[in-house]
Amino acid sequence: MPDSQPQPPDGATADTTALLLCDARLTDGRTVDVRLSGGRIEAVGTAGSLTPHATRVDLSGYLLLPAPADPHTHGDTALTADSLGPVSYDTEDVQRRATEAALLQLGHGATALRSHVRIGDVHALGPLEAVLQARRSLRGLADLTAVAVPRLLTGVAGADGLAMLRDAVKMGAGVVGGCPDTDPDPTGYAEAVLEVAAEHGCPVDLHTHGDDPARLARLAAMAGGLRPGVAIGPCAGLARLPRDVASRAADQLAAAGVTVVCMPQGGCGAVELRGNAPVRLLRAAGVRVAAGSGALRDVSNPVGRGDPLEAAYLLASQGGMAAREAYGTVAGVARQAMGLPEVRVEAGFPAELLAVRGERISGVLSLAYSRIVIHRGRVVARTSAVREYCDSAAAVALELPRQGRPDTCP
262 MPDSQPQPPD
272 GATADTTALL
282 LCDARLTDGR
292 TVDVRLSGGR
302 IEAVGTAGSL
312 TPHATRVDLS
322 GYLLLPAPAD
332 PHTHGDTALT
342 ADSLGPVSYD
352 TEDVQRRATE
362 AALLQLGHGA
372 TALRSHVRIG
382 DVHALGPLEA
392 VLQARRSLRG
402 LADLTAVAVP
412 RLLTGVAGAD
422 GLAMLRDAVK
432 MGAGVVGGCP
442 DTDPDPTGYA
452 EAVLEVAAEH
462 GCPVDLHTHG
472 DDPARLARLA
482 AMAGGLRPGV
492 AIGPCAGLAR
502 LPRDVASRAA
512 DQLAAAGVTV
522 VCMPQGGCGA
532 VELRGNAPVR
542 LLRAAGVRVA
552 AGSGALRDVS
562 NPVGRGDPLE
572 AAYLLASQGG
582 MAAREAYGTV
592 AGVARQAMGL
602 PEVRVEAGFP
612 AELLAVRGER
622 ISGVLSLAYS
632 RIVIHRGRVV
642 ARTSAVREYC
652 DSAAAVALEL
662 PRQGRPDTCP
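Heads up: the sequence shown is residues 262 to 671, going by my numbering.
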């Protein structure tokens, strides 16, 4: 079951207005026109070959890519790092935070997001209801899926959490999640999550350090037959294990079809161990590796952009991945991990696209200033940046852009 099914805004039909993207550059070097209609790519042709039906968007100087998706966000706690006093979990406040965070990430290009939401304790299902309200308000702009994250699921103390987890799925949580490492019985916790997921046909997405190879082996054995799929992350502890031990764990995860969601931009409050998963080792074993943003300016991470391209940049600059593969972790692989349809810049595929000023993926990951985001066939966000230089001999010689007044200088 995918995280979200394409739906029109409440009370409206799907947007069928045609949109022509002109002079877009593709990763293979071609310059093309791309016509969108009904939320899908209708045609791709050489520049100037397609007749516009309606709106025309000039993408000269832009690289056109499949839009990113973020499989690991925390909308309920986002943007709370600078709060004075205790963080409010009133429904209205959580909804505002989740919506603002999602729009921030949409501006960066992420048209689909998974928001991991804690349930239970004094707040019960309130934060989940708020995130589900944010999901409804964002419909038509971005696809937001809630992941229910209970604290305890085993023993007497976990009975309420297990009942609440089932209620969360009935309310609309699209994914069953949690933190096995924090339960007195991590294996029992994982078993309970997998059981609820199997009952409802939901994906599973668990927080774990990944530093216990025996626990990972048990999880892989339990998860092997579950469909639609299991993801774990951030697994920073896996990088601290001896290489041969980590390699065996990676082989077991690969055989079970478990996806690892790493978080190169930082961790999250549910998993305190910092660092990044051993991405190259995992990929060499055949593990599907996606990248998420994790915490966004909350008590566990006071900074953060929530930018998928920054995550890809870090995997390329620090993880030794090729730029194209790094981008894949936040685009194609992330969408696959979330059960979403594949996106290619080809006729028939969903019109989930990101145009970034630049010529190559390496340049885009380095200087991704100007972006145009397309969701379900329409432009939903734009970010523009202009770099100018004051008068100088170098600026004149290199024909660099300059400010309007020759007597002004930054």
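Yeah, the Cβ is synthetic: ideal placement off N, Cα and C, and Gly gets one too.
Given the structure is predicted, the values throughout are model-derived calculations rather than measurements.
With contacts defined as CB atoms closer than 7 Å, residue 395 and residue 356 qualify as a contacting pair. Between residue 474 and residue 510, the C-beta gap is smaller than 7 Å, which places the two residues in contact.
Shown here, residue 337 sits in coil according to DSSP, grouped into three states, outside any helix or strand.
A distance of 7 Å or more separates the beta carbons of residue 359 and residue 381.
Under a 10 Å Cβ-count criterion, residue 438 is classified as buried, with 16 or more other Cβ atoms of the shown protein chains found around its own Cβ.
In this structure, 519 is the residue among 505, 519, 371 with its C-alpha nearest to the C-alpha of residue 477. Taking C-alpha positions only, residue 317 is separated from residue 641 by approximately 15 Å. In the three-state reduction of the DSSP assignment, residue 491 falls in the strand class. Apart from the 5 residues on each side of it in sequence, residue 405 sits with its Cβ closer than 7 Å to the Cβ of 363, 374, 376, 395, 396, 399 in its chain, given in chain order. For the pair residue 415 and residue 446, the CB atoms are nearer than the 7 Å cut-off.
The Cβ atoms of residue 461 and residue 491 lie no closer than 7 Å to each other.
Taking each of 392, 369, 371 in turn and checking the Cα distance to residue 378, the smallest one comes out for 392. Excluding five sequence positions before and after residue 367, the CB atoms of its chain that fall closer than 7 Å to its own CB belong to 402, 403, 634, 641, 642, given in chain order.
Under the criterion of beta carbons closer than 8 Å, residue 455 and residue 483 qualify as touching, at roughly 6 Å. The beta-carbon separation of residue 595 and residue 576, rounded to 12 Å, does not stay under the 8 Å limit for a contact.
The C-beta distance from residue 572 to residue 591 rounds to 5 Å, short enough to meet the 8 Å contact threshold. Assigned with DSSP and collapsed to three states, residue 413 falls in coil, not helix or strand. Put simply, of 296, 515, 565 the residue whose alpha carbon is nearest the alpha carbon of residue 283 is 296. Cα atoms of residue 487 and residue 513: separation of roughly 15 Å, rounded to the nearest angstrom. In the structure shown, residue 385 falls within a strand segment according to DSSP collapsed to helix, strand and coil. Distance from the Cα of residue 523 is smallest, within the candidate group 536, 515, 423, 516, for 536. When DSSP states are grouped into helix, strand and coil, residue 659 belongs to the helix group.
The shortest CA-to-CA distance from residue 607 to any of 330, 302, 485, 566 is the one to 302. Residue burial is scored here from C-beta neighbours: residue 383 has fewer than 16 other C-beta atoms within 10 angstroms and is therefore classed as exposed. When DSSP states are grouped into helix, strand and coil, residue 461 belongs to the helix group. Between residue 328 and residue 599, the CB-CB gap reaches or exceeds 7 Å. Closest in C-alpha terms to residue 611, from the list 432, 326, 289, comes 326. Taking a 10 Å sphere around the C-beta of residue 638, we find 16 or more other C-beta atoms and assign the residue as buried.
Around the Cβ of residue 412, a 10 Å sphere holds 16 or more other Cβ atoms; the residue is buried.
A direct Cα-Cα distance of roughly 7 Å separates residue 480 from residue 451. For secondary structure counted as the beta strand (DSSP E) over 3 or more consecutive residues, the segment 489 to 555 holds these complete runs in sequence order: 491 to 495, 520 to 523, 550 to 552. DSSP places residue 620 outside both helix and strand once states are collapsed to three, so it counts as coil. In the displayed model, residue 430 falls within a helix according to three-state DSSP.
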